[in-house]
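Numbering follows our numbering, in which position 87 of the sequence shown is assigned residue number 291; successive positions increment by one, without gaps.
Ideal Cβ positions, reconstructed from N, Cα and C, are used throughout, including at glycine.
Notes follow the structure.
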Amino acid sequence: PENRTCAGADIEQHWCACLNWHNISIDEPIIQQFSRPVVNFLNNFVSDHKEDCATLTLLRVNKASRLEANNHLLKFVQSSDVDVRVPQFRNASSQPLNETKFYQIQFETTPGEAQF
205 PENRTCAGAD IEQHWCACLN WHNISIDEPI IQQFSRPVVN FLNNFVSDHK EDCATLTLLR
265 VNKASRLEAN NHLLKFVQSS DVDVRVPQFR NASSQPLNET KFYQIQFETT PGEAQF
């Protein structure tokens, strides 16, 4: 089911591969930094059809989200027992966790107030 959690399915946190979208402020610098280049990408994508397509400009950003992984999954190193029931996690001072971040931006362009 869509609303089932790892805990609800009796899956230990370190095995839970669930990724969660968290809403973030549309005013965060990274959102502002990426919004215009995305519109430029769209304009370049349809550049072979300039006679049929208007040049888009960013009207507004409506929503922004960041995909975040389960920290228990990221810290998991291995199981420390033969039955694979006792997790071994890296400590805070060991190598850094994966810093890759994924963002989702919902925005409107003009003309036409198209939503992407």
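DSSP-derived helix/strand/coil call for residue i
i, result
"Arg240", "helix"
"Ser283", "strand"
"Ile309", "strand"
"Ala213", "helix"
"Ile230", "coil"
Length of the line joining the Cα atoms of residue i and residue j
i, j, result
"Thr261", "Ala273", "33 Å"
"Gln236", "Val242", "11 Å"
"Ala318", "Lys305", "26 Å"
"Asn313", "Asn247", "The residue you asked about is not Asn; residue 313 is Thr in the sequence shown. When rounded, the distance between both Cα atoms is 11 Å."
"Gln310", "Ile234", "14 Å"
"Gln282", "Ile215", "16 Å"
Buried versus exposed call for residue i [16 or more other C-beta atoms within 10 Å across all chains shown]
i, result
"Ala268", "buried"
"Val265", "buried"
"Phe249", "exposed"
"Phe245", "exposed"
"Phe320", "exposed"
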